[in-house]
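So the sequence lines, in the order shown, correspond to chains B and R. Using our numbering, the first residue of the first sequence is number 1, and each one after it goes up by one. Using our numbering, the first residue of the second sequence is number 1001, and each one after it goes up by one.
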Amino acid sequence: TQLLEQSPQFLSIQEGENLTVYCNSSSVFSSLQWYRQEPGEGPVLLVTVVTGGEVKKLKRLTFQFGDARKDSSLHITAAQPGDTGLYLCAGARLGNEKLTFGTGTRLTIIP
Amino acid sequence: DVKVTQSSRYLVKRTGEKVFLECVQDMDHENMFWYRQDPGLGLRLIYFSYDVKMKEKGDIPEGYSVSREKKERFSLILESASTNQTSMYLCASSFPSTLAGVLIRTDTQYFGPGTRLTVL
């Protein structure tokens, strides 16, 4: 059972445009992480959000954790070709060492 | 820097062969994980180990086994490879997030580069 659904699954946009990726669940998580995976590499952590409603910014990337801690979004402003990759959200539950990964969003930024 | 290495980047095996995938981490992490990654399905956990010789089944353990004889090394074994096990396999490691049941951190998982396994 896939507990974290990401949308869209694929996104291809022009350099300079803005975009939002969504990560949704019917379950509550104690924290939510976002990873980016580039071709030929493993996923690398971008950010962890732990409080409902929390917003974190990483340069042009803005991450938000839903108030009810069931969903999250990633917004990229003025996308660059270097943003190309597979974006994965992952939910953590208190007392559980395992993460539940989302279905992934493959982002392509066209120069 | 944390380093997680996997024994092969690409592997081609025949149906019925026994396959070993090795993973080594150099950060003294207690937790180690094996995932498989398939398009549209994200990462699915096969097995998890929280200490030497300790293991837990993940979401899709069927057809796989694991071995953790040393803290830094976690092996994934396909006893008899089948074509539906063709996939990207990712190993990860992390520190524990809890101590005596108390959350102490929300920890990062550090991933290896993956092994693309093809079973013919």
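Every residue gets a Cβ at the ideal spot worked out from N, C-alpha and C, and that includes glycine. Fair warning: this is a prediction, and the values are worked out from it, not measured in the lab.
- Non-local C-beta neighbours of Asp83/B in its own chain, meaning closer than 7 Å and more than five positions away in sequence, comprise Ile76, Leu107, Ile109, ordered along the chain.
- In the structure shown, the three-state DSSP call for Thr1083/R is helix.
- Spanning the alpha carbons of Pro8/B and Ser1093/R requires a straight line of approximately 28 Å.
- With contacts defined by Cβ atoms closer than 9 Å, Ile1077/R and Leu1021/R form a contacting pair.
- Leu1120/R counts as exposed, since fewer than 16 other beta carbons sit within 10 angstroms of its beta carbon.
- For Phe1020/R, the enclosing beta strand (DSSP E) has its first and last residue at 1019-1025.
- Interface annotation, Gly1063/R: not in contact with chain B, CB-CB separation never under 9 Å.
- For Gly1016/R, the three-state secondary structure derived from DSSP is coil.
- Annotation: the continuous beta strand (DSSP E) that includes Asp1038/R extends over 1031-1038.
- Counting C-beta pairs with one atom in each stretch, the stretch 1022-1037 of chain R and the stretch 1073-1087 of chain R have three or more that are closer than 8 Å, which means they touch.
- With fewer than 16 other Cβ atoms inside 10 Å of its own Cβ, Glu17/B counts as exposed.
- Excluding residues up to 5 positions away in sequence, Phe1033, Glu1056, Gly1058 lie with their Cβ nearer than 6 Å to the Cβ of Phe1048/R in the same chain.
- Within the stretch 1082-1095 of chain R, the residues whose Cβ lies closer than 9 Å to some Cβ of chain B are Leu1090, Cys1091, Ala1092, Ser1094, listed in chain order.
- Listed along the chain, the chain R residues whose CB falls inside 8 Å of the CB of Leu88/B are Gly1042, Leu1043.
- Taking a Cβ-Cβ cut-off of 8 Å, Gly1016/R has no neighbours in chain B, whose nearest Cβ is about 29 Å from it.
- Taking the Cα of Thr1086/R as reference, the smallest distance to any Cα among Met1054/R, Gly1063/R, Phe1111/R is reached at Gly1063/R.
- Note that the C-beta distance between Leu88/B and Gly104/B is below 9 Å.
- Nearest C-alpha to Asn24/B among Ser73/B, Asn96/B, Gly95/B, Gln80/B: Ser73/B.
- At least one CB of chain R lies nearer than 9 Å to the CB of Val44/B.
- The alpha carbon of Glu97/B has as its nearest neighbour, out of Glu1079/R, Ala1081/R, Glu1030/R, Gln1006/R, the alpha carbon of Glu1030/R.
- Taking the Cα positions, Ser27/B is about 11 Å away from Thr100/B.
- For Glu41/B, the neighbours in chain R by C-beta distance under 7 Å run, in chain order, Pro1113.
- Taking C-alpha positions only, Lys57/B is separated from Thr48/B by approximately 11 Å.
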